[in-house]
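In what follows, a structure is listed as structure tokens, so that the remarks can point back to it.
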Amino acid sequence: MKYSLAAALLATSAIMAQAGPIRDACLSSSRAGGDRALCSCIQQAADKTLTKRDQRLAASLFRDPDSAQEIRRSDRRAHEVFWERYRSFGEVAEAVCS
């Protein structure tokens, strides 16, 4: 019984570690089709390449893809730096999660 409880706690913590704004946005996106494994993988790529603030902004792009063009075309240095990290995130996610 103790072993089963410990295994359940470990599994739960692993699932909770995969939760995040990117995963949540991915799951609600029609493009991912609710694929939990894919969305968790994408969240892991985000955890490796984006700050928490970047992740919140990137998650908003899942919900409103048109705003991505606004950020991409923006002259603000913060948007330029974000876009560089966002592109790296996309490359990592594509390589690892495909």
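Numbered by the numbering used here, the letters in the sequence shown go through residues 141 to 238 in order.
We put the CB at the ideal spot given by N, CA and C, even for glycine.
Range covered by the alpha helix (DSSP H) that runs through residue i
i	result
Leu167	Pro161 to Ser168
Leu201	Lys192 to Arg203
Gly230	Arg217 to Cys237
Asp187	Arg176 to Thr189
Phe207	In the sequence on display, residue 207 carries Ser and not Phe. Asp206 to Arg213 is the span of the alpha helix (DSSP H), which, as asked, contains Ser207.
Same chain, Cβ closer than 8 Å to residue i, neighbours up to 5 away in sequence not counted
i	result
Ser228	Thr189
Ser207	Ser200 and Leu201
Gly174	Leu167
Leu178	Cys166, Ala172 and Cys237
Spatial distance of residue i from residue j (CA atoms)
i	j	result
Tyr226	Ala198	7 Å
Asp164	Lys192	14 Å
Ala157	Arg203	Low confidence applies to Ala157: its pLDDT is 49, below 50, so where it sits in the model is not reliable enough to give any reading.
Arg217	Trp223	10 Å
Ser214	Val221	11 Å
Ala159	Ile211	25 Å
Ser169	Val236	20 Å
His219	Pro161	19 Å
Gln209	Ser180	25 Å
Ile137	Pro205	In this structure the chain extends from 141 to 238, so residue 137 is not present and cannot be described.
Min CB distance residue i to chain C below 7 Å
i	result
Pro161	In summary, chain C is missing from the structure at hand, where a single protein chain is found.
Backbone secondary structure at residue i - three-state DSSP
i	result
Ala154	Any reading at Ala154 needs caution, since the residue's pLDDT is 47, under 50, leaving its predicted position unreliable; the model's value is listed next. If DSSP states are grouped into helix, strand and coil, Ala154 belongs with the helices.
Same chain only: Cβ atoms within 7 Å of residue i, ignoring 5 sequence neighbours per side
i	result
Ala185	Phe229, Val232, Ala233, Val236 and Cys237
Gln195	Gly160, Pro161, Ile162 and Ala186
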